[in-house]
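Take -11 as the starting number for the sequence shown in our numbering and just add one per residue. We put the beta carbon where it would ideally sit given N, CA and C, even for glycine. Keep in mind that this is a model prediction, so the values were computed, not measured.
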Amino acid sequence: MPVLALISAVVVITIEQLVQWRYGMAGLVGLLLLTIGIRANSPRCSTAGAVLLALLVARPAVSW
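The structure is reproduced here in structure tokens:
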């Protein structure tokens, strides 16, 4: 069990660093909102985080 917890912690930290590197502080805030919303079972918070991440990912395709 401790090995599984260690592996999951490494994966989470890696994903956080990747999002922050690729999308900056807004990406980190979106990921944080999504995570908090899922854990707290708050649809508003998780939706806000998901929309923010979707906008950041789709930004290059929507550029005028």
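Go ahead and label G12 buried or exposed: buried means 16 or more other beta carbons lie within 10 angstroms of its beta carbon, across all protein chains shown. For the purposes of this step, residue 12 is taken as the residue at position 24 of the sequence shown. Counting Cβ neighbours within 10 Å, G12 comes out exposed, since fewer than 16 surround it.
Evaluate V7 with the Cβ neighbour count: other Cβ atoms within 10 Å of its Cβ, from every protein chain shown; 16 or more gives buried, anything less gives exposed.
Counted from its first residue, the sequence shown places residue 7 at position 19. Here V7 is buried: its Cβ has 16 or more other Cβ atoms, across all protein chains shown, within 10 Å.
query: In chain order, what residues of the same chain have a beta carbon less than 7 angstroms from the beta carbon of S30, not counting five sequence neighbours either side?
result: Position 42 of the sequence shown, counted from the first residue, corresponds to residue 30. Here the set comprises nothing.
### Query
Taking buried to mean at least 16 other C-beta atoms within 10 Å of its own C-beta, is L40 buried or exposed?
Taking the first residue of the sequence shown as 1, we reach residue 40 at position 52. Buried: at least 16 other Cβ atoms inside 10 Å.
Which listed residue (A14, T23 and L20) has its alpha carbon closest to that of R47: Here residue 47 refers to the residue found at position 59 when the sequence shown is read from its first residue. Among A14, T23 and L20, the Cα nearest to that of R47 is on A14.
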